[in-house]
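Those letters in the sequence shown? Residues -34 to -1, 1 to 240, per mature numbering (1 follows the signal peptide of the UniProt record, and there is no 0), in order.
Glycine included, each C-beta is placed from N, C-alpha and C at the ideal position.
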Amino acid sequence: MNTETDTSSQRTRHTRRRRPLLVAALLTTVTAAALTGCGAGDDASGQSASDGAPAKTGKKVLWMGDSIAGSEAPALGAALTASGVTFEDASSTGGGTVVTGDRMAGQIARTTWKDLTENIASFRPNVIAYQITTYDWGTSAQQRASYVKLAKTARQAGAELVLVSAPPFKIDDFYRKYEGAIRSAPKAAKQVAAAGGGKVRFFDAGALWGSDAAADKAQRSSDGIHSCQQGSAAFAQWFTGQLGKEFGFKPAALEKWANGKWTADKRFGKLGCG
């Protein structure tokens, strides 16, 4: 895993221990578009084995990204596991990008590619899901080249690639000079997916989060960048639904996973989540 220093750690808050009840809140706050997108309803209960455990789908998802993806990982792991999908969190605090742009991004990318090689060998995923990071700095051409390389790496590993746009987040002084690259990255990813011959998919998370980091719909934590438990659960529901539609499995119902032990993950305490 990437051991780069987390530049977002200066924005964190004091730890709280209270674990929220999420199911009722999710049912009232997740947008209609997101619910439709994830196939929520009578058909979204998931398949179960006779012993009550979820039936195995055969899907193995390697989750990549930065600390935003890291804050989503506990809920996503719970939702996918409850749906019979094997999950591995390869997100990286303070890094995670595959884009070789400027010097700093290039250093991070080298670590990400090294970690990816190791994760492919040990985990053997058949789906690699990469959430565009806040460090995907570079020109549009550099971004496209890096995503094409990621698609080729996935294909050689016998996996399909899913590229997903990041949620809107606060552009503070640290990110200001990279704003252009942050805006061009999802466009580059969409272009790579369009040319991927059906082996690369692009999920636009704007259907869930919108485009305004300050809006309630974006569900950002107090730092304006990461998500707390409810936002992470909303993403997990939406993203698991998208994966289910593409790869032929039914997402587990919210009550199967939304109030699990993942809600007490230490990452949420560091963000000052309630």
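Beta bridge pairing from DSSP links Phe168 with Leu129. Bridge partners of Lys232 according to DSSP: none are assigned. Between Lys26 and the set Trp228, Lys227 and Phe215, the nearest pair of CA atoms involves Phe215. In the three-state reduction of the DSSP assignment, Leu237 falls in the coil class, being assigned neither a helical nor a strand state.
The beta carbon of Lys115 sits closer than 8 Å to the beta carbons of Val64 from its chain, once the five residues preceding and following it are set aside; these are given in chain order. Glu145 and Ala19 have their alpha carbons spaced roughly 45 Å apart. Asp32 is classed as buried because its beta carbon has at least 16 other beta carbons within 10 Å across all chains shown.
Contact between the segment 166 to 182 and the segment 58 to 75 is absent: fewer than three C-beta pairs spanning the two stretches fall below 8 Å. The three-state secondary structure of Gln73, taken from DSSP, is helix.
Beta-carbon to beta-carbon, Thr206 and Ala45 are separated by about 4 Å, close enough to satisfy the 8 Å threshold. A distance of 7 Å or more separates the beta carbons of Ala87 and Tyr113. Excluding residues up to 5 positions away in sequence, Trp29, Asp55 and Ser57 lie with their Cβ nearer than 7 Å to the Cβ of Ala39 in the same chain. Within the model, the alpha-carbon separation for Gln97 versus Leu129 is close to 6 Å. Bridge pairing for Leu28: Glu54 and Ile94 [DSSP]. DSSP, read as helix, strand or coil, puts Pro134 in coil. In this structure Lys118 is exposed. Its beta-carbon is surrounded by fewer than 16 other beta-carbon atoms within 10 angstroms. For Lys22, there is no enclosing alpha helix (DSSP H), as DSSP gives it neither H nor E.
Between Trp103 and Gly72, the C-beta gap is not smaller than 7 Å, which leaves the two residues out of contact.
Lys22 and Pro217 have their alpha carbons spaced roughly 12 Å apart.
In this structure, DSSP gives Tyr101 a state outside helix and strand, which the three-state scheme calls coil. One Cα belongs to Leu237, the other to Tyr141, and the distance between them is close to 19 Å.
Around the Cβ of Ser198, a 10 Å sphere holds 16 or more other Cβ atoms; the residue is buried. Taken atom to atom, the span from the alpha-carbon of Gly240 to that of Ala151 is near 32 Å. Around the beta carbon of Ala107, fewer than 16 other beta carbons lie within 10 angstroms, which makes this residue exposed.
Residue environment for Glu126: buried (at least 16 other C-beta atoms within 10 angstroms of its C-beta).
Annotation for Ala160: no residue places its beta carbon closer than 7 Å to its own, counting only its chain and skipping 5 residues before and after.
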